[in-house]
Every structure is written in structure tokens, then in C-alpha cells.
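There are 2 protein chains.
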Amino acid sequence: MRDFSQDHRWLSINTATVRKSLGQEQPLTGIIEACARLQIPAISPWRDQVAASGLPTIRQQVKTHGLKLSGYCRGGMFTATDGAGLSAAHDDNRRAVDEACELGAACLVLVVGALPGALAGKAAHKDIALSRQQVHDGIGELLGHARASGMPLAIEPLHPMYAADRACVNTLEHALDLCDTFDPEQTGALGVAVDVYHVWWDPKLQAQIARAGAKRLLAFHVCDWLTPTTDLLNDRGMMGDGVIDIPRIRGWVEDQGFTGFSEVEIFSTANWWQRERDEVLNTCIERHRSAV
Amino acid sequence: MRDFSQDHRWLSINTATVRKSLGQEQPLTGIIEACARLQIPAISPWRDQVAASGLPTIRQQVKTHGLKLSGYCRGGMFTATDGAGLSAAHDDNRRAVDEACELGAACLVLVVGALPGALAGKAAHKDIALSRQQVHDGIGELLGHARASGMPLAIEPLHPMYAADRACVNTLEHALDLCDTFDPEQTGALGVAVDVYHVWWDPKLQAQIARAGAKRLLAFHVCDWLTPTTDLLNDRGMMGDGVIDIPRIRGWVEDQGFTGFSEVEIFSTANWWQRERDEVLNTCIERHRSAV
């Protein structure tokens, strides 16, 4: 297992972690400058943040600083109530693949979607099996374009508390079943993003990480599970402040040969998004060394 | 599949559902009177509610009204930081078995516990595997007394969002693995409580319900998953108000030969606990007929 205690050469910052500073939305350009200044070697930006600054601007800025992209957030949201919706999702996902290529990302992270309409508060139906079938079909359809583009797709199983509204793939086992279906040769074109927040509770986690193997472990995300957790979406903790044994899980991932970045992804309305950006980034650096 | 649309002969009320009326804590005696008046044939009371009214009083009242107990809530909480804590948990669980027997409950529901201290906001450690081992050992130890008492133990897998603080058994598969370990002959002494709120998201749910079979399906609990869910514990929805396809899951359970009650268990600080008790109970009756 790699020694993280001496430096932060394997740290990546998911830019959602500092998308707000003192409660105010921050432009991605400033976030990138701050990361570069603090010698953080990698980021994982969100599409909406990239679009707001302009993709060419971000591409140039990333290049100038020699930053790596541990991933690109995000594709997915494959489910819909009709063919037009499915088509629109497919088209949007093709664009996400293209953007990830332009930015030189290591993978496109897929948050697969769930019951259509649920995220807006009104699910169009209750048939989660249908949503899962649409996700299955959507990944299969997108993979051709992703393969041709040389962009790996990383299915991110989300915590089961998001099964209704964000992602109906909720276990690493399910995600790997999809990988087996569409990439049985384990070429690396289709794999998983392992976020400790989503999977730490799973009694089969170690076994499924071993099943994934190096070829399919495309991304490793960290934050922490707080007790109590006061909000289902935006109350993630800083590494070390919660109950997840992160080093143990990182050990399992590295036992498979994973040598990528450890990406910090924290959504925190009431705490970290209320602080100064540099305080948050410096805390990420410190906790990367001490608690990951 | 049984027809629930014509009456509510298979309805049970978990008494937590109406433990507050207009925001005020209600004595169990009054809850029982109300259920009897509305011809609700079964309840599932909580230990603290029974203790507050006195067990002999409740036993007599239940008998007078000819009420059934679809379960008794709850045993479990097997985890601790030391031997004294484990012993205390064991003793308390023996008492819970004895109380369940005195009340004539169909089963004792087990919420197994998780990281010690986490429920109070400060976990003593992060080793969920250790907690799972303690749960394994605790169930094995309790089962002897439960068998001798003729009281079935129903392991209730809780939603993974409770893995840190309430129960580290989070899938039906894990619960059934424990059943296989301690009751391989499927005598009915050890089984599961299937609560749709906890398990609806699981892609393996149908298969695991089939694996359980009639002997191990000891209880069936219903409520609904709201979108959005605003609180991890106390924002459960009334059946029909959320996204769970309850009839489909009930169908799977009944396909295995389950013929027990459908127990309504709703924790709802901001909504149902603010209403009049009879309004809540009448809504349970109506939704039992239309949405379960």
C-alpha cells in the first residue's frame, strides 16, 4: 500500500468539494488556480462548472498547469419515460464522452439515473426494474462511442439511499455485473468508480473489489460518513471525521494493483461549503496524508 | 396474492406509527383502544411503550380485545466495546424474548446494532467487521433461549444508511446467511422481518425473498420512500405516497406462502406524528386496501 503520509502526490480534488467558498459559488478557473498553487496534482471537474467557464479555457488552463484529471463528472442519467428522452440522454452522454476526451480525463464517471422525475420530486413510475433495464441498455449503447474515443466509462454505484432519484445501480456487485455483460474481456473500456461513501457499508465490498481487479478499478473517491448525517445529499464528512475505515478500503483497492489518484469529493452545505476555499483544500491535503 | 381491497383483516399497526398524535407522545393503552375500536386486528408494540404502561396492563388489554401481535419491537443492539457491554446486551435480549412470550407476539424483531457509540454521535471504532462478528455471536447466543421459549427471532435488515448507527445487517442476503448459519434446518426459530423501506432498492430482493421461503418470512412491514426524503430516520411515507412498488414486493412474499399481517411502521416527525391519531389510523386502513 502506498505511503500517503509524506506528500500529496496522489491527491485529486473533485471540484464539487470547493464549488462554494463562504457559501458563494466559485468559478472553476479560480478553483484550478488554487489547486495548482497548492501543488495538488489532479482534479475531477463537473460538466456544469466546465461549461460555465468554457471548455477551451479550462482545457488550456489544465494544460498550462500540467494538471491531471482523475475523472470527469459526469455522464449517466440514462432513464426516461419515452424514446425521445432516452435519445436525448444518449446524445448528451456522447457529448460528455467527447468533452472528457478533450480535457484528457482518465475516465467519464457515470451516475446512471433512477426513476424518471423522482429527482424533481415526482416519480413517473415505480418500476425500478424498468429503470435498471434502461441503464443496462444505455451503457451498452454508449460504450461503442466511448471505446472508439478511447474514453473509459466508470460506473459509480451510489449509496442505496439514492436508488429512487439518482442511481439505481447501488452495489459494486451490480456495477460489475454490467461490466461482465458489456466488457467480458476486461479491456478497461468499462469499469467502476469506487466511492467509499457509497459502498463502505457493503459486507461484500472486499470480495467485489477483488472481483473488479485493476482493469476495472478506474477511480477511487473518498470522504466520510458522519454520525449523525443530517442531509441525504449534502452532509458528507471530511476524511477522518466519520466512521469509514478509509485506509482499509484503500488497501483492498491497492491490493488489486490500483495506482491512481485518491479523489476527494465532499458535498457539504452547512460545513465545508461555508468555509474559505484554501482552508478546505489545505484540510484535504492534511487528511489525505493522515486519514486516507 | 390475497385481496386486501375489501377489508383490513390483515392489517397490523406498529405502534410507533401513532406514538405521537398532534406532536404529543401517546400512551400505548390509548393506542390499543383506538386500534380495537377501528377493528384493526393486530399491533406490534415497542418495548418502551409497553414498559411505560406496564406489561401486565398491556397483556390484559391485548387479551380483552383479542388483538394479535404481529411482532414485538425490539431486541438486538448486540454490539459493545467490552465483555460487560456484550453481557448486558445479552441479558436485555433475554428479557425481550420473555416479554414477547408474555405478550404472545408472533416474533421478536431484531435490530442488530452497529458501531458502538455511533448512535450517540461518537463511534468507539470504525471496524464494522467486528460489529458484524458481535452480531453473529449475539444471535447465536440468544437463539438457545429463544428456541427454548418458543419465540421466533426475526432479523430485520435495515437500510444501508443505518449501517453506522443502528444495524450492520443491511441486506436480506446477509440476514439469510445468518439464518443459514444458526438454523440450517429452517425450523422457523430464526428468520427475517422484511420491511419494504429497508429493502426495496435491492436488485437481489426477489431472489432473496424466494431464498427465505415461508419458514423464514416472519414479518412484513410497509411504509413508503418519499422523494425527497428530508430526514434519514423520521421521514417515512404513508403507503402510496412514495416510490416503492409495495404490491409487487408483497406478491413476492406471498408467492413463498407468507400469510401473516402487513404491518404499517411509519416514523414521521413532520407529518404523520403531527396529525390526529384516528386520522392516521384511518389513512392506514384506507392505504392498506388501496396501496399495499
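Residue numbers (the numbering used here), protein chains in the order written: chain A, 29 to 320; chain B, 29 to 320. All C-beta atoms in this analysis are idealised placements derived from N, C-alpha and C, irrespective of residue type, glycine included.
Within chain A, no C-beta atom comes nearer than 7 Å to that of residue 43 (chain B); the closest sits roughly 24 Å away. In this structure, B:169 is the residue among B:162, B:169, B:302, B:216 with its C-alpha nearest to the C-alpha of residue 122 (chain B). A Cβ-Cβ distance of about 6 Å is found for the pair residue 87 (chain A) and residue 131 (chain A), placing them in contact under the 8 Å criterion.
For residue 235 (chain A), there is no enclosing beta strand (DSSP E); the residue is part of the alpha helix (DSSP H) that begins and ends at 233-244. Scanning chain A for C-beta atoms nearer than 9 Å to the C-beta of residue 38 (chain B) yields nothing, as the closest lies near 22 Å away. Interface criterion met: the Cβ of residue 253 (chain B) is under 9 Å from a Cβ in chain A. Between residue 44 (chain B) and residue 101 (chain B), the C-beta spacing is below 9 Å.
Runs of the alpha helix (DSSP H) lying entirely within the region 80-157 of chain A, each at least 4 residues long, are 83-93, 111-131 in chain order.
Between residue 71 (chain B) and residue 91 (chain B), the C-beta spacing is not below 9 Å. By the C-beta criterion, the region 207-223 of chain B is judged not to be in contact with the region 107-122 of chain B, since fewer than 3 inter-stretch pairs fall below 8 Å. Distances from the CA of residue 269 (chain A) to each of A:314, A:85, A:232 were compared; the closest alpha carbon is that of A:314. For residue 291 (chain A), the enclosing beta strand (DSSP E) begins and ends at 290-292. Taking the C-beta atoms as reference points, residue 305 (chain B) is found no nearer than 9 Å to residue 142 (chain B). Contact note: residue 310 (chain A) does not reach chain B at a C-beta cutoff of 7 Å; the least C-beta distance is about 24 Å. Under the criterion of beta carbons closer than 8 Å, residue 76 (chain B) and residue 147 (chain B) do not qualify as touching, at roughly 15 Å.
In this chain, the alpha helix (DSSP H) harbouring residue 62 (chain B) covers 56-65. CA-to-CA, the gap between residue 183 (chain A) and residue 216 (chain A) works out to about 12 Å. Residue ranges of uninterrupted beta strand (DSSP E) with 3 or more members, entirely inside the region 256-293 of chain A and ordered along the chain, are 290-292. Rounded to the nearest whole angstrom, the C-alpha separation of residue 203 (chain A) and residue 277 (chain B) is 23 Å. If you draw a straight line from the Cα of residue 312 (chain A) to the Cα of residue 292 (chain A), it comes to about 7 Å.
Beta bridge pairing from DSSP links residue 249 (chain B) with B:223, B:291. Of the residues assessed, residue 198 (chain B) falls on the buried side of the cut-off, its CB having 16 or more other CB atoms within 10 angstroms. Per DSSP, reduced to three states, the secondary structure at residue 38 (chain A) is coil, with no helix or strand assignment. The straight-line gap separating the alpha-carbon atoms of residue 152 (chain B) and residue 237 (chain B) is approximately 34 Å. Excluding five sequence positions before and after residue 296 (chain A), the CB atoms of its chain that fall closer than 7 Å to its own CB belong to 262, 263, 264, given in chain order. Residue-level contact by beta carbon fails for residue 218 (chain B) and chain A, as no gap is shorter than 9 Å. In this structure, residue 179 (chain A) lies away from residue 260 (chain A), with their beta-carbon atoms at least 9 Å apart.
Of the residues assessed, residue 127 (chain A) falls on the buried side of the cut-off, its CB having 16 or more other CB atoms within 10 angstroms. At a cut-off of 9 Å, the C-beta of residue 200 (chain B) has no neighbouring C-beta in chain A. Scanning chain B for C-beta atoms nearer than 9 Å to the C-beta of residue 277 (chain A) yields nothing, as the closest lies near 11 Å away. The alpha carbon of residue 60 (chain A) has as its nearest neighbour, out of A:94, A:38, A:228, A:37, the alpha carbon of A:94.
According to the DSSP secondary-structure assignment, residue 74 (chain B) is paired through a beta bridge with B:101.
Any Cβ of chain A closer than 9 Å to the Cβ of residue 315 (chain B) would place that residue at the interface, and such an atom is absent. Listed in chain order, the positions of the region 178-196 of chain B with a beta carbon within less than 7 Å of a beta carbon of chain A are 187, 188, 189, 191, 192, 193. Counted as a single uninterrupted DSSP element, the beta strand (DSSP E) harbouring residue 182 (chain A) occupies residues 181-183. Between the alpha carbons of residue 258 (chain A) and residue 288 (chain A) lies a gap of roughly 31 Å.
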